[in-house]
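Peer 1:
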């Protein structure tokens with residue numbers, strides 16, 4: 001605790017002991033609020049425990065709430081003092097005010113004290129029979145605290161039967177609290193029994209017809225939350241007859257028309273659940289819930305509720321798109337709405353588009369694509385046009401016209417997105433006469449294409465490989481794109497290898513020189529194992545059996561009609577089972593984001609300590625060299641076995657390739673930096689750099705004398721090893737660089753490697769300051785030494 005905080009604690013202690021404050025309720029509240037404010041910011045306020053206990057005798061209800069909150073939060077730090085408050089709490093559980101009785105009972109249950117049940121159980125028994133509804137509500141929830149502390153005591157006191165009796169309490173909140181506790185106990189005991197940990201202590205709580213009908217009949221006097229709880233109980237009930245189903249639906253139908261989105265979605269979920277085994281009625285249910293959902297989407301002023309409703313509509317549309325097809329205009333975007341709302345609407349419009357509405361929908365998407373304020377909306381709209389073209393093949397020519405119009409806009413971003421999206425469109429429409437106008441337009445603009453991102457360049461290379469037999473200059477364009485292949489991303493190099501090999505089978509004479517150079521470059525590059533493995537595989541396949549290679553690599557592809565990610569029917573069925581939950585909004589099953597193992601993993605990652613990191617360093621240093629040597633030796637032996645012969649009959653590689661690559665491999669193996677695999681697609685902002693620089697702590701420094709007086713060579717050498725420059729500038733007569741890298745496979749918080757490099761051009765001396773995760777510190781330093789030693 002800092003001196004300033006200690007002074008503030010002492011000031012508060014003096015205020016709490018001041019007789020003037022004790023007599024003035026307003027002043028006492030002010031002091032107590034300051035104490036709570038300090039406590040909630042992480043300051044240890046336990047030294048004030050004695051003064052707070054003395055203030056417990058006040059009759060002011062607001063002060064009591066603040067005092068109770070403080071005592072329950074700090075009882076584990078002052079057990080002896082907290083025991084002294086028990087008698088006061090027990091006494092106030094008999095206070096004439098129901099509010100005070102309820103607050104005292106709840107606070108008493110939250111005290112973290114040994115032997116709590118000895119003095120809490122008698123008070124709880126009295127609270128469960130209290131005449132005030134609020135006290136009974138609190139007592140029912142406190143019974144769950146008893147079960148958590150001791151299931152045996154819960155059973156001995158017969159609280160399970162008491163809760164079942166309270167299911168018909170006159171106060172609806174008492175009833176629903178009892179339902180919640182019984183359901184939670186049943187869930188816990190079922191899980192324990194399934195694991196074999198504990199036997200069942202109570203009969204599972206099952207919603208029976210009399211109880212359900214009793215609750216349904218009381219819906220008009222319930223709050224919105226209680227009505228939603230009734231809906232969830234109905235989901236656990238299976239009606240015995242079709243007549244019973246219709247009776248329940250008729251009673252619940254007025255709940256479809258209201259302004260509470262949660263209640264409307266819960267009611268829709270009940271209707272779908274009750275009729276899922278009756279196909280004819282099920283379709284009618286869609287017609288009945290359509291209007292409430294449309295009203296919820298279009299009329300609500302709460303964008304979060306609108307988004308939740310849209311996600312549920314999207315799920316319904318996947319199963320029955322015809323229900324909403326005549327109401328497509330309801331899903332047109334409104335001016336000023338958030339981009340995530342527009343994105344879901346675009347997905348819905350893609351699914352409900354038909355011959356009658358597709359022209360209007362395509363024009364709407366074209367309008368969205370011109371939204372220069374939000375690039376996300378632009379991308380989604382162009383993707384929507386592509387998906388409509390895939391779903392409705394007769395519109396292929398119309399979609400191509402839109403793509404050509406986007407290319408004519410002279411926007412690098414629009415051209416890049418269009419090129420990336422067109423790749424998926426061409427997978428569905430492989431007839432060249434359909435796509436020829438787009439390809440011709442693309443080639444006419446090739447010299448003006450400033451590729452905005454790596455994905456568009458990859459798509460362009462893919463098009464050249466797939467349709468290169470129709471493009472006269474395809475081999476030469478591919479060769480031009482390989483000018484700086486060593487600096488390209490892994491995905492680009494892999495696509496270039498595949499496209500070049502594919503085009504080789506179509507146009508062997510023209511591709512022969514370039515393919516040989518490509519293999520030579522990729523097989524001599526040891527920075528990425530994926531690229532190396534793919535190149536070795538293609539090379540050996542071509543050398544051993546060119547005809548088999550043609551069948552593997554150049555097998556004619558069939559046109560697709562649906563993408564797997566858009567037609568995951570099993571996931572859609574699972575999401576229907578979890579209708580009216582966050583699963584529909586997230587698009588995954590609840591176990592994907594609520595599993596205890598996921599929470600435990602996150603806690604372990606967040607709490608990973610220095611000691612475990614040091615242990616990992618020791619383990620890596622003990623056996624790392626042997627492992628990496630073995631791996632490199634296996635690569636080397638594989639390269640030696642590959643020989644230096646031709647890849648295929650017309651393609652020949654330099655005879656020095658294997659030897660030079662083996663030397664590189666052995667040199668890499670001798671460097672401990674080989675064990676550090678860095679990402680080549682990482683980006684970082686200046687604010688993020690500063691935040692991580694401050695949080696990484698210790699910063700080792702070293703100096704090195706560079707042989708070359710060339711700052712460009714310095715940046716290029718580091719960038720070749722995936723260490724990138726964030727910012728640079730002059731500092732007097734020296735050059736200062738801020739650089740970053742990211743360890744592959746690590747989370748962003750743990751994998752950053754940050755550098756501050758100060759270079760003196762006159763002397764050629766460079767001073768480097770490094771900050772990173774301690775377990776990567778030694779290998780990072782050695783890697784930097786190796787890189788800078790070559791300059």
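Numbering (full-length UniProt numbering), first residue to last: 1 to 791.
Every residue gets a Cβ at the ideal spot worked out from N, C-alpha and C, and that includes glycine.
Measuring CB to CB, does residue 121 end up less than 8 Å from residue 153?
Peer 2: Here residue 121 refers to the residue found at position 121 of the chain shown. Here residue 153 refers to the residue found at position 153 of the chain shown. Taking 8 Å as the Cβ cut-off, residue 121 and residue 153 qualify as a contacting pair.
Peer 1: Which runs of the beta strand (DSSP E), 3 residues or longer, sit entirely within the region 134 to 198?
Peer 2: Every candidate beta strand (DSSP E) stretch fails here, since none sits fully inside the region 134 to 198 while reaching 3 residues.
Peer 1: Pairing CB atoms from the region 38 to 50 with CB atoms from the region 3 to 16, are three or more of them under 8 Å?
Peer 2: yes
Peer 1: Okay, do the region 437 to 452 and the region 578 to 587 touch, 3+ Cβ pairs below 8 Å being the bar?
Peer 2: At 8 Å Cβ cutoff, the stretches do not touch.
Peer 1: Are the CB atoms of residue 549 and residue 541 nearer to each other than 8 Å?
Peer 2: For the purposes of this step, residue 549 is taken as the residue at position 549 of the chain shown. For the purposes of this step, residue 541 is taken as the residue at position 541 of the chain shown. Taking 8 Å as the Cβ cut-off, residue 549 and residue 541 qualify as a contacting pair.
Peer 1: Below 6 Å CB to CB, which residues in the same chain sit around residue 496 once its five sequence neighbours on both sides are set aside?
Peer 2: In the chain shown, residue 496 corresponds to position 496, counting from 1. Closer than 6 Å at the Cβ level, and outside the excluded window around residue 496, lie 461.
Peer 1: Residue 230 lies in the alpha helix (DSSP H); which residues open and close that run?
Peer 2: As a first step, residue 230 must be located in the chain shown, where it is residue number 230. 224 to 234 is the extent of the alpha helix (DSSP H) around residue 230.
Peer 1: Would you kindly work out how many angstroms separate the C-alpha atoms of residue 397 and residue 298, rounded to a whole number?
Peer 2: Locating residue 397 in the chain shown gives position 397, counting from the first residue. Locating residue 298 in the chain shown gives position 298, counting from the first residue. Near 33 Å, if we compare the C-alpha coordinates of residue 298 and residue 397.
Peer 1: Return the CA-CA distance between residue 35 and residue 95, expressed in angstroms with no decimal places.
Peer 2: In the chain shown, counting from the first residue as 1, residue 35 sits at position 35. In the chain shown, counting from the first residue as 1, residue 95 sits at position 95. The alpha-carbon atoms of residue 35 and residue 95 are separated by roughly 26 Å.
Peer 1: Using 8 Å as the Cβ pair cut-off and three pairs as the minimum, do the region 182 to 197 and the region 124 to 138 touch?
Peer 2: The region 182 to 197 vs the region 124 to 138: no contact.
Peer 1: With distances taken Cα to Cα, identify the nearest neighbour of residue 402 among 422, 233, 267 and 489.
Peer 2: For the purposes of this step, residue 402 is identified with residue 402 of the chain shown, where counting begins at 1. Out of 422, 233, 267 and 489, 422 has the C-alpha closest to the C-alpha of residue 402.
Peer 1: Taking 8 Å as the limit between beta carbons, can you name the residues of its chain near residue 531, skipping five residues before and five after?
Peer 2: Taking the first residue of the chain shown as position 1, residue 531 is located at position 531. Contacts found: 490, 493, 494, 497, 522 and 525.
Peer 1: Can you give me the C-alpha to C-alpha distance between residue 163 and residue 216, rounded to a whole angstrom?
Peer 2: The residue you call residue 163 lines up with position 163 of the chain shown. The residue you call residue 216 lines up with position 216 of the chain shown. Computed Cα separation, rounded: 19 Å.
Peer 1: Quick check on DSSP: helix, strand or coil for residue 625?
Peer 2: One-based indexing of the chain shown puts residue 625 at position 625. Bear in mind that a pLDDT of 35 at residue 625, under 50, signals an unreliable position, so the number given afterwards is only what the model happens to contain. Correct three-state label for residue 625: helix.
Peer 1: Which residues mark the beginning and the end of the beta strand (DSSP E) in which residue 705 is found?
Peer 2: Position 705 of the chain shown, counted from the first residue, corresponds to residue 705. Residues 701 to 705.
Peer 1: How far does the beta strand (DSSP E) with residue 729 in it extend, from its first residue to its last?
Peer 2: Taking the first residue of the chain shown as 1, we reach residue 729 at position 729. Where residue 729 is concerned, the enclosing beta strand (DSSP E) stretches over 724 to 731.
Peer 1: Counting only runs that start and end within the region 299 to 339, where is the alpha helix (DSSP H) found for 4 or more residues in a row?
Peer 2: 303 to 319
Peer 1: Give a yes or no on whether the C-beta atoms belonging to residue 411 and residue 374 are separated by under 8 Å.
Peer 2: If you number the chain shown from 1, residue 411 lands on position 411. If you number the chain shown from 1, residue 374 lands on position 374. No, the Cβ-Cβ distance between residue 411 and residue 374 is not below 8 Å.
Peer 1: Return the Cβ separation of residue 31 and residue 5 in integer angstroms, given the expectation that the two are a contact with Cβ distance under 8 Å.
Peer 2: If you number the chain shown from 1, residue 31 lands on position 31. If you number the chain shown from 1, residue 5 lands on position 5. Actually they are not in contact, since the Cβ atoms of residue 31 and residue 5 sit about 16 Å apart, beyond 8 Å.
Peer 1: Buried or exposed for residue 557, please, with buried defined as at least 16 other CB atoms from any protein chain shown within 10 angstroms of its CB.
Peer 2: Residue numbering aside, residue 557 sits at position 557 when the chain shown is read from its first letter. Answer is exposed; the Cβ neighbour count stays below 16.
Peer 1: Can you tell me which residues form a DSSP beta bridge with residue 736?
Peer 2: Position 736 of the chain shown, counted from the first residue, corresponds to residue 736. DSSP lists 729 and 758 as partners of residue 736.
Peer 1: Hey, how far is the Cα of residue 180 from the Cα of residue 270?
Peer 2: The sequence position of residue 180 within the chain shown is 180, counting from 1. The sequence position of residue 270 within the chain shown is 270, counting from 1. C-alpha separation (whole angstroms): 19 Å.
Peer 1: Contact check, residue 62 vs residue 84 under 8 Å by CB: the rounded distance?
Peer 2: Here residue 62 corresponds to residue number 62 of the chain shown, with the count starting at 1. Here residue 84 corresponds to residue number 84 of the chain shown, with the count starting at 1. Not quite, the Cβ-Cβ distance comes to about 23 Å (not below 8 Å), so this is no contact.
Peer 1: Are the CB atoms of residue 117 and residue 143 within a distance shorter than 8 Å?
Peer 2: For this step, residue 143 is matched to residue 143 along the chain shown. For this step, residue 117 is matched to residue 117 along the chain shown. Using a Cβ distance threshold of 8 Å, residue 143 and residue 117 do not count as a contacting pair.
Peer 1: Which same chain residues, not among the five before or five after residue 263, have their C-beta less than 8 Å away from its C-beta?
Peer 2: For the purposes of this step, residue 263 is taken as the residue at position 263 of the chain shown. So the list reads 224, 227, 228, 231 and 255, once near-sequence residues are dropped.
Peer 1: In this structure, what does DSSP give as the bridge partners for residue 768?
Peer 2: Looking up residue 768 in the chain shown gives position 768. Residue 768 pairs with 702 and 757.
Peer 1: Need the endpoints of the alpha helix (DSSP H) that residue 268 sits in, please.
Peer 2: As a working note, residue 268 is residue 268 in the chain shown. Segment 261 to 274, the alpha helix (DSSP H) holding residue 268.
Peer 1: When the Cα of residue 105 is compared with those of 115, 114, 76 and 130, which residue comes out closest?
Peer 2: As a first step, residue 105 must be located in the chain shown, where it is residue number 105. When only C-alpha atoms are compared, the closest one is 130.
Peer 1: Under the assumption that residue 781 contacts residue 766 (Cβ atoms under 8 Å), give the Cβ distance between them as a whole number of angstroms.
Peer 2: Counting from one through the chain shown, the residue named residue 781 turns up at place 781. Counting from one through the chain shown, the residue named residue 766 turns up at place 766. Approximately 14 Å separates the beta-carbon atoms of residue 781 and residue 766; this is outside 8 Å, ruling out the contact.
Peer 1: Can the beta-carbon of residue 696 be found closer than 8 Å to that of residue 775?
Peer 2: On the chain shown, residue 696 is found 696 positions in, with the first residue counted as 1. On the chain shown, residue 775 is found 775 positions in, with the first residue counted as 1. Taking 8 Å as the Cβ cut-off, residue 696 and residue 775 do not qualify as a contacting pair.
Peer 1: May I ask you to report which of helix, strand or coil DSSP gives residue 678?
Peer 2: Within the chain shown, the letter at position 678 stands for residue 678. It is a strand residue.
Peer 1: Can at least three beta-carbon pairs, one atom from the region 512 to 521 and one from the region 478 to 487, be found at a separation below 8 Å?
Peer 2: yes
Peer 1: List the whole-angstrom C-beta distance separating residue 33 from residue 66, where the pair is believed to meet the contact cut-off of C-beta under 8 Å.
Peer 2: Translated into the one-based positions of the chain shown, residue 33 becomes position 33. Translated into the one-based positions of the chain shown, residue 66 becomes position 66. Right, their Cβ atoms sit about 7 Å apart.
Peer 1: Which class does residue 247 belong to by DSSP, given the choice of helix, strand or coil?
Peer 2: Position 247 of the chain shown, counting from 1, holds the residue named residue 247. Residue state, collapsed to three classes: helix.
Peer 1: How big is the Cα-Cα spacing for residue 22 and residue 97?
Peer 2: As a first step, residue 22 is located in the chain shown; it is residue number 22 there, counting from the start. As a first step, residue 97 is located in the chain shown; it is residue number 97 there, counting from the start. When only Cα atoms are considered, residue 22 and residue 97 end up about 22 Å apart.
Peer 1: Is DSSP giving residue 752 helix, strand or coil here?
Peer 2: Taking the chain shown and counting its residues from 1, one reaches residue 752 at position 752. It is a strand residue.
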